[in-house]
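In what follows, a structure is listed as structure tokens, so that the remarks can point back to it.
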Amino acid sequence: MSDCIFCKIAAGDIPSNKLYEDDRVLAFYDIEPKAPVHFLVITKEHIKGACEITGENSALIAHIFEVIAKLTAELKLDAFRVITNCGAQAGQSVFHLHFHVLSGRILGEMG
Ligand code: DGP
40 MSDCIFCKIA AGDIPSNKLY EDDRVLAFYD IEPKAPVHFL VITKEHIKGA
90 CEITGENSAL IAHIFEVIAK LTAELKLDAF RVITNCGAQA GQSVFHLHFH
140 VLSGRILGEM G
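Taking the working numbering, the leading residue of the sequence shown gets 40, the next gets one more, and so forth.
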């Protein structure tokens with residue numbers, strides 16, 4: 040999508056501090072970290088958010104969690120939180136499916 044910032048990052052048109060990339064997903068550090076370790080895993084395909092996950096694209100979600108397991112192991116993170124916000128009221132500010140991975144501090148209860 041031409042006006043989507045994460046599509047531009049996935050295309051390499053906007054630089055990012057990249058951790059991992061394959062043909063389906065990209066992982067990079069969040070520009071506004073909320074924890075000592077805070078990276079995002081995004082789909083390369085433009086999907087608006089968790090509300091658009093269907094039988095057609097849900098294999099991507101399993102792949103994202105495989106990538107998260109691989110990256111957190113490489114980073115030696117034994118405790119981490121995975122969050123996806125869907126909808127502005129839930130805190131979504133970029134309307135392109137992404138999973139936050141947070142670690143490096145006590146994360147406390149979910150609010
Ligand atoms: P959310 O609010 O759940 O939609 O999360 C969007 C996250 O994306 C937010 O934590 C900040 C991050 N972000 C927004 N623009 C950029 C960018 O250009 N580069 C990087 N690395 N992160 C970004």
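Glycine residues also receive a C-beta, built at the ideal position from the N, C-alpha and C atoms.
Across the segment 69-82 and the segment 129-140, are there enough close Cβ pairs to call them in contact, namely three or more that are closer than 8 Å?
yes
Pairwise C-alpha distance: Gly-94 and Ile-206
The structure shown does not extend to residue 206, since the chain is modelled only from 40 to 150, so the question has no answer here.
Report task. Kindly indicate which residue of Lys-57, Ile-103, Asn-96 and Gln-128 has the alpha-carbon position closest to the one of Tyr-68. Result -> Residue 68 sits at position 29 when you count from the first residue of the sequence shown. Residue Lys-57 is the option with its Cα nearest to Tyr-68.
Does the beta-carbon of Tyr-59, which I'm using as the reference point, lie nearer than 7 Å to any heavy atom of the ligand DGP? In the sequence shown, the residue the question calls residue 59 occupies position 20. Because no heavy atom of the ligand DGP lies under 7 Å away, the Cβ of Tyr-59 does not count as near it: no.
Quick one: grab the DSSP three-state call for Ile-100. As a position in the sequence shown, residue 100 is number 61, starting the count at 1. Of the three classes helix, strand and coil, the one that applies to Ile-100 here is helix, per DSSP.
Exercise for review: Measure the C-alpha to C-alpha separation of Val-121 and Glu-84 and round it to an integer number of angstroms.
Suggested key: Translated into positions along the sequence shown, residue 121 becomes position 82. Translated into positions along the sequence shown, residue 84 becomes position 45. Here the alpha carbon of Val-121 sits roughly 20 Å from the alpha carbon of Glu-84.
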